[in-house]
Amino acid sequence: MTYAEILSNNQLLKDQLIGTEKYPIIVLSNIIVSQQKEILEHSLRKHKINAEVSFGDYDNIVQDSTYLLTGQQAVIIFWEAANFIEGFSYKASIMSEEQIIEVQKKIQSEILAVFNQLKNVPVVLFNTFSALPFSSESLQKNKLEIICDELNYFIETNAPTNVISVNIDKLYSRVSLSNAIDWRYWYSSKSLYTIDFFKEYTEFVLPVFLSLAGKSKKALFVDCDNTLWKGIIGEDGMGGILMSSSVKGGAVFEEIQANIVELARKGVIVGLASKNNAEDVDEVINNHPDILLKNENIVIKAVNWLDKPDNIRWMVKELNIGTDSCVFLDDSDFEVGYVKENVPELSVYQVPQKTYLYPSLVRNIKSLFYNWSVSAEDAKRVEMYKAEKQRTIEQSTFISIDEYLDSLELKLILYNNDATYISRLAQMTQKTNQFNLTTKRYTETEINKHMQNGDSVIAFELKDKFGDYGITGMCIITYAGNEAVIDTFLMSCRVIGRNVEKAFFDEIIKLINKKGNITFLRANYLRTMKNEQVSQFYDKLGLSLDKTTPSGNSYYLIPQEYLFNNIKYIQIEYGK
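Positions 63 to 638 (the working numbering) are the ones given, in order, by the sequence shown.
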């Protein structure tokens, strides 16, 4: 897409998003990067994120980081080493050691000041320093390169948790240096980068924004034949399929499996969607000497001769996630086209005919699963879903749902303002869409700020006789005088249907009442495309409707008058 087309489409997307919540981003820089605005806005708006990009003053990063940040959701910093001082790209090579040290100390001091001033911004994208455009072809590093290396190490060792380093050299390698740099405008107006660079930069950082907006992918469904291995198991047999780097044609598929295993270990749900005999595929997974992708990495299988769209819908339903949270990978022209046509909200990718391009495709797909906050629950994802399968089997033996729930031996453990779980809490706000009353997205920095400000950030862990569901629910309560407000109330879809939300809300009211001075509670339901199932949640709990608007409902409650649910089959404990 040309820059002119981006400008035109960006305005159309902006008009379509009128009335939606704005997502303000500010760019701070010591060079001219004005083309970034429309390109970044366009990319985010395509994903229904109503971005509005603004800029600080030219070469005023430290001061702007103090004064221009009210309400900003993200800050992007283009701090070019070549412009630390006028002509530094070439002056560095002739400066004395003392002069170099003086510049470095000044920049380090300014970096720390910026970090401190930006500590409450949800996310800061800090571009690494690079001398690559100004380097000679000599094997020996010049002074500017050494300075950049040392400052990048300084950033790495001093950056707070809300700062993400963006490796600019990776961008140069993706675009090529000759296509990334515009020397004419660099020397005329300190505008270093081309439109191609800004396009690639935007795609490079896009996963961060998608993660924060709860739009990262959650599940990867893959075909088997000529997708996980080379060959067709039903025709070639165990000895005829290839997936090892030790045999010709197998290296690509070994790498593919390794990448999928990596995703599984990071908490991505991996499923098999293959037209095959289930016993043949199980034989490969269980017994092939070269297989890397094991049952321990696979959450769900739809291996049969049914239509793949039907199998994919079944897996989505079983997992209780949105279809738009899933990715499908297959080698067949027919299957790819058929799935795209029948499951349009699914992200579908095809194995390239030139298989040497396959690993790079999968590496790109991995970015769709980028997770801003990684928690302990991620590593246990497969185990948790398999335990849920056991629960489903046991439930089928009961006629009464209450008898089944009583048999589970449910234990709800609450943690109030426990910083141990900040990473998981931030992750839940970013990923939970269905049972989420307000769908507010928070980073770890923002969760910590709530705790430090005297708010109540209450998390719960759920256990039963089959295992630990992990930290699967949370509530944030803010206070002002004698009034409390439920800012956030959410729960993982994994624990829906057990009345846990009622038991949890009971404990929230008890906590509020223990404060002694709270006589009024407010709560809101903010409608989204995915949280309709909780639209009556507060009504069912007995809260009074205060106001209804197109965006949702507001409620109130006198906490001392609340009628407790007293769910008898859920044991309540408080963590230390």
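Think of the CB as a built atom: it goes at the ideal place given N, C-alpha and C, for glycine as much as any other residue.
Residue i lies in the beta strand (DSSP E); which residues open and close that run?
i      : result
PRO86  : 84-91
ARG584 : 582-588
GLU623 : GLU623 -> no beta strand (DSSP E), and no H or E assigned at all.
ASP526 : 518-526
LEU334 : 331-337
LEU368 : No beta strand (DSSP E) contains LEU368, which DSSP labels as neither H nor E.
CYS388 : 388-392
ILE162 : Premise fails: ILE162 lies in the alpha helix (DSSP H), 159-179, not in any beta strand (DSSP E).
LEU187 : 185-189
ILE475 : 472-478
How about residue i and residue j: are their beta carbons less than 8 Å apart?
i      : j      : result
THR491 : LYS502 : yes
GLU103 : ASN72  : yes
PHE191 : LEU213 : yes
MET536 : ALA521 : yes
GLN135 : TYR85  : yes
VAL284 : ILE331 : no
TYR636 : LEU476 : yes
ILE88  : LEU131 : yes
PHE188 : VAL225 : yes
GLU397 : LYS363 : no
PHE528 : VAL596 : no
GLN170 : PHE216 : yes
PRO406 : LEU274 : no
TYR504 : MET446 : no
SER409 : LEU430 : yes
In terms of alpha-carbon separation, which member of the options lies closest to residue i?
i      : options                        : result
ILE294 : SER394, LEU470, PHE522, SER151 : SER394
ALA481 : ASN510, GLY532, SER409         : ASN510
ALA585 : ILE629, TYR636, PHE216, ILE539 : ILE539
LYS205 : SER127, SER235, PHE396, SER158 : SER158
GLU316 : PRO421, LEU282, ILE243         : PRO421
ASP517 : LYS525, LEU524, GLU508         : GLU508
ILE629 : HIS350, ASP464, SER238         : ASP464
ILE455 : ARG443, LYS442, LEU470         : LEU470
GLN633 : GLY118, GLU207, GLU523         : GLU523
LEU79  : ASN92, GLU114, ALA66           : GLU114
GLN98  : ASN182, LYS428, ILE257         : ILE257
VAL137 : GLN179, ILE533, VAL237, TYR618 : GLN179
ALA143 : PHE196, GLY133, GLN622, LEU69  : PHE196
LYS402 : LYS203, PHE582, ILE374, GLN161 : ILE374
GLU297 : SER253, GLU262, ASP342         : ASP342
SER253 : ILE243, GLU563, GLU262         : ILE243
GLN622 : GLN598, ASP392, LEU573         : LEU573
What are the boundary residues of the alpha helix (DSSP H) that includes residue i?
i      : result
GLY276 : Careful: GLY276 lies outside any alpha helix (DSSP H) and carries neither H nor E.
ASN214 : 205-220
ASN426 : 420-428
TYR447 : 443-457
PHE315 : 313-327
In the structure shown, what three-state DSSP assignment does residue i receive?
i      : result
LEU254 : coil
VAL137 : strand
VAL401 : helix
ALA542 : strand
ASN615 : strand
LEU75  : helix
GLU345 : helix
THR550 : strand
GLU16  : Given a span of 63 to 638 for the chain in the structure shown, any question on residue 16 remains unanswerable.
ASP464 : helix
GLN496 : coil
ILE230 : helix
ASP126 : helix
GLU407 : coil
GLN415 : coil
ILE632 : strand
TRP376 : helix
GLY296 : helix
LEU69  : helix
Leaving out the 5 sequence neighbours to the left and right, which residues in its chain are closer than 6 Å to residue i when beta-carbon positions are compared?
i      : result
ASP468 : TYR631
TYR624 : ILE571
LYS153 : none
ILE303 : TRP291, GLY293, ILE295
LEU619 : LEU583, LEU605
VAL424 : ILE318, ASN321
Can you list, in chain order, the residues of its chain with a C-beta nearer than 8 Å to that of residue i? Leave out the 5 residues immediately preceding and following it.
i      : result
THR219 : none
LYS232 : PHE266
Can you find a C-beta in chain C that's less than 8 Å from the C-beta of residue i?
i      : result
PHE460 : Absence of chain C from the displayed structure is noted, only one protein chain being present.
Quick one: residues in its chain with C-beta nearer than 7 Å to the C-beta of residue i, no 5 flanking neighbours on either side, listed in chain order?
i      : result
ILE484 : GLU506, ILE509, ASN510
GLY614 : ASN586, TYR587, LEU588, ARG589
Just checking residue i against the ligand FAD - is the residue's beta carbon closer than 7 Å to any of the ligand's heavy atoms?
i      : result
THR482 : The model depicted lacks the ligand FAD and carries no ligand whatsoever.
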